[in-house]
Amino acid sequence: MQKGWINMNFNSVAEIVFYFAVYSFVGFLLENTLSLVLTGVFWKDGFLRSPHKPMYGIAPVILLYAAHELPLGITLLLCFIVPTAVELLSGIMLDKGLQRRYWDYSKLPLQYRGYICLPFSLVWLGLSALVLYGMHPSVAAIYRYLTPVWVAITPYFLLYLLVDTCLAIWKQDRVALPER
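Just so we're aligned, residue 1 is where the sequence shown starts under our numbering, counting upward by one.
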């Protein structure tokens, strides 16, 4: 992956989209497996209808660029800050934009308006470090192997995500929301 966002070409955009797709799918599997363990139901309601949780794709992509060649301490600090910021912004946008709350941490300690809390920020720190240092080398190797195919299908994947997002917003607009 190139350093920074300068001189990006379509191949580097395809690489970013690949990492987003992989990590948002891993987030989908993680959340739904946790749901299965806790509730006995695998499918947990989310914004998109596809098997992707965008927050889990956005944070690692930001971290891959932001933490590139930084000392471990700063990288770990970013592993705490970036996913927490993504969760906060996502929570506010979903709540204020679509009147939907997919999570509520208001009963947990050290929380902010139910959108974020220290216990989950620590979980994000651990998961982000695991992604950067454990998973990403293998995911990057898979990308290098699949590059020609992925570059060809990236526009279709992006169209798929766009349609899924539009349908989610359109459907949301027509669903009677509970009073808050």
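Think of the CB as a built atom: it goes at the ideal place given N, C-alpha and C, for glycine as much as any other residue. None of the values given here were measured: they were computed from a predicted structure.
Apart from the five residues on each side of it in sequence, which residues of its chain come closer than 8 Å, Cβ to Cβ, to Val-175? Sequence index remark: in the sequence shown, residue 175 carries index 175 (1-based). The predicted model places Val-175 with a pLDDT of 46, which falls under 50 and marks its position as unreliable; any figure quoted below should be read in that light. There are no such residues.
Check whether Ser-12 and Met-55 have beta carbons under 8 Å apart: If you number the sequence shown from 1, residue 12 lands on position 12. If you number the sequence shown from 1, residue 55 lands on position 55. Remark: C-beta atoms of Ser-12 and Met-55 do not approach each other more closely than 8 Å.
Residue range of the alpha helix (DSSP H) that Leu-110 falls in? Reading the sequence shown from its first residue, position 110 is the one you call residue 110. Going by DSSP, Leu-110 is part of no alpha helix (DSSP H) at all; its letter is neither H nor E.
At which residues does the alpha helix (DSSP H) containing Ala-67 begin and terminate? Sequence index remark: in the sequence shown, residue 67 carries index 67 (1-based). Where Ala-67 is concerned, there is no enclosing alpha helix (DSSP H), given that its DSSP letter is neither H nor E.
Can you give me the start and stop residues for the alpha helix (DSSP H) that Gly-134 sits inside? For the purposes of this step, residue 134 is identified with residue 134 of the sequence shown, where counting begins at 1. For Gly-134, no alpha helix (DSSP H) encloses it, and the DSSP letter there is neither H nor E.
Paired residues, beta bridge with Cys-117 - DSSP: To locate residue 117, count along the sequence shown from 1; it is residue 117. Beta-bridge pairing links Cys-117 to Gln-111.
Which residues in the same chain have their Cβ closer than 7 Å to the Cβ of Leu-78, if we skip the five residues on either side of it in sequence? Against the sequence shown, residue 78 aligns to sequence position 78. Shown here for Leu-78: same chain residues with a beta carbon closer than 7 Å to its own, the five before and five after excluded, namely Leu-63, Ala-66, Ala-67 in chain order.
Less than 8 Å between the beta carbons of Tyr-143 and Phe-18, yes or no? Reading the sequence shown from its first residue, position 143 is the one you call residue 143. Reading the sequence shown from its first residue, position 18 is the one you call residue 18. Yes, the pair counts as a contact, with Cβ atoms nearer than the cut-off.
Excluding five sequence neighbours on each side, which residues of the same chain lie with their C-beta closer than 7 Å to the C-beta of Ala-129? The residue labelled residue 129 in the question sits at position 129 within the sequence shown. Leaving aside the five residues that flank Ala-129 on each side, the residues in its chain whose CB is nearer than 7 Å to its CB run, in chain order, Leu-76, Cys-79.
Sufficient close CB pairs (3 or more, under 8 Å) joining the region 110–125 to the region 80–89: Taking a contact to require three or more Cβ pairs closer than 8 Å, the region 110–125 and the region 80–89 qualify as touching.
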